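Encoded as structure tokens, the structure appears first; notes follow it.
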Amino acid sequence: MPATQKEMQDARLPLGYRDFCADLLIPLNKCRSETYYLPFKCQDERHVYEKCQYDDYIRRMKAAEEKKRGTGDE
5 MPATQKEMQD ARLPLGYRDF CADLLIPLNK CRSETYYLPF KCQDERHVYE
55 KCQYDDYIRR MKAAEEKKRG TGDE
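So the sequence shown is numbered by the numbering used here: it starts at 5 and just counts up by one.
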């Protein structure tokens, strides 16, 4: 479920991170702050967030490729 503008503002997310995966970044940042950024404490949350970022990148690249092919045919 996408995060609302209010949730992102309350979580103090920078504008650059308010994207498709922002709803996963909020609990990751909360976990990081609670565990003093220990790298091994929030592995599950980080993995889910990075997978979302990767899937979003792949989705955008496929859309760009389809758009590129569509304009080349005309």
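Ideal Cβ positions, reconstructed from N, Cα and C, are used throughout, including at glycine.
No experiment lies behind these values; they were computed from the predicted model shown.
Note to self: Is it the case that the stretch 15–28 contacts the stretch 52–71, given that we only count it when at least three CB pairs across the two stretches are under 8 Å?
What the structure shows: Yes, they touch.
Check: In three-state DSSP terms, what is residue 68?
Finding: Taking the first residue of the sequence shown as 1, we reach residue 68 at position 64. For residue 68, the secondary structure class from DSSP, reduced to helix, strand or coil, is helix.
Item checked: Buried versus exposed, by CB contacts within 10 Å (16 or more), residue 21 -> Within the sequence shown, the letter at position 17 stands for residue 21. So residue 21 counts as exposed.
Notebook entry, point to check: Does the distance from the C-beta atom of residue 32 to that of residue 49 stay below 9 Å?
Noted result: Working through the sequence shown from its first residue, we reach residue 32 at position 28. Working through the sequence shown from its first residue, we reach residue 49 at position 45. Yes; because the gap between Cβ atoms is below 9 Å, this pair is in contact.
Notebook entry, point to check: Would DSSP call residue 45 helix, strand or coil?
Noted result: Here residue 45 corresponds to residue number 41 of the sequence shown, with the count starting at 1. DSSP places residue 45 in coil when its eight states are reduced to three.
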